[in-house]
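>
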Amino acid sequence: MFLFTEESTAVEKTMRPLKRLNIHSAFWILTSIAVTYYFDFLKNIKETMQADSWWLSCGTCLLATCLSVAFYCILYLEWYCGIQDYDEQYPALIPITTATFIAAAICFNVALWPVWSFFTPVLLFIQFMGVVMLVSLLG
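Residue numbers for the sequence shown follow the numbering used here, beginning at 1418 and rising by one.
So this is what it looks like as structure tokens:
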């Protein structure tokens, strides 16, 4: 009898949902803000856009597609419709989002390589993690 109650409390502890804002997510969000500020991220993006970069435009469209699918899953399917396992009902959404994000990352790396050279993948990864942690606060 004692083992049963101990096991049930252990299961309840593992089933408890995690806090949305924790040290890990706060670290990535704050690091992303610091990279944006100290590397003049927005200014460099603006200058690259003014240089009429085809790679940046293509990456922006792909990222918009990726984020649209992600917000569709979070806001519409999960919040509005109440579907928790949308990946089971709509199995194509996750591969489409992943493929468009990888293509966008490649485009952004090519477009911004002249600006930061070897630091470009690191800076974009930090920005990516900051955005992912910020979006994860929604759902």
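Backbone N, C-alpha and C define an ideal beta-carbon position, used for all residues, glycine too.
1. Ignoring anything shorter than 4 residues, give me the alpha helix (DSSP H) runs that lie fully in the stretch 1435-1462, in order along the chain.
2. Rounded to whole angstroms, what's the CA-CA distance from F1535 to F1456? Just pull it up for me.
3. Along the chain, which unbroken stretches of the alpha helix (DSSP H) at least 4 residues long are found entirely within the stretch 1478-1507?
4. Assign L1555 to one of three DSSP states: helix, strand, or coil.
5. What number of angstroms, rounded off, separates the C-alpha of V1501 from the C-alpha of T1482?
6. How should V1486 be labelled, buried or exposed, when 16 other C-beta atoms within 10 angstroms of its C-beta is the threshold for buried?
7. Rounded to whole angstroms, what is the Cα-Cα separation between L1479 and L1459?
From the atom records:
1. You should have 1440-1455.
2. Here residue 1535 is taken as the residue at index 118 of the sequence shown, counted from 1. Here residue 1456 is taken as the residue at index 39 of the sequence shown, counted from 1. If you draw a straight line from the Cα of F1535 to the Cα of F1456, it is about 14 Å long.
3. Listed in chain order, the complete alpha helix (DSSP H) runs (minimum 4 residues) inside the stretch 1478-1507 are 1503-1506.
4. In the sequence shown, the residue the question calls residue 1555 occupies position 138. Of the three classes helix, strand and coil, the one that applies to L1555 here is coil, per DSSP.
5. As a working note, residue 1501 is residue 84 in the sequence shown. As a working note, residue 1482 is residue 65 in the sequence shown. According to the sequence displayed, residue 1501 carries Gln and not Val. Distance between the alpha carbons of Q1501 and T1482: 22 Å.
6. For the purposes of this step, residue 1486 is identified with residue 69 of the sequence shown, where counting begins at 1. With 16 or more other Cβ atoms within 10 Å, it is buried.
7. The residue given as residue 1479 occupies position 62 in the sequence shown. The residue given as residue 1459 occupies position 42 in the sequence shown. Each residue's Cα considered, the two are about 19 Å apart.
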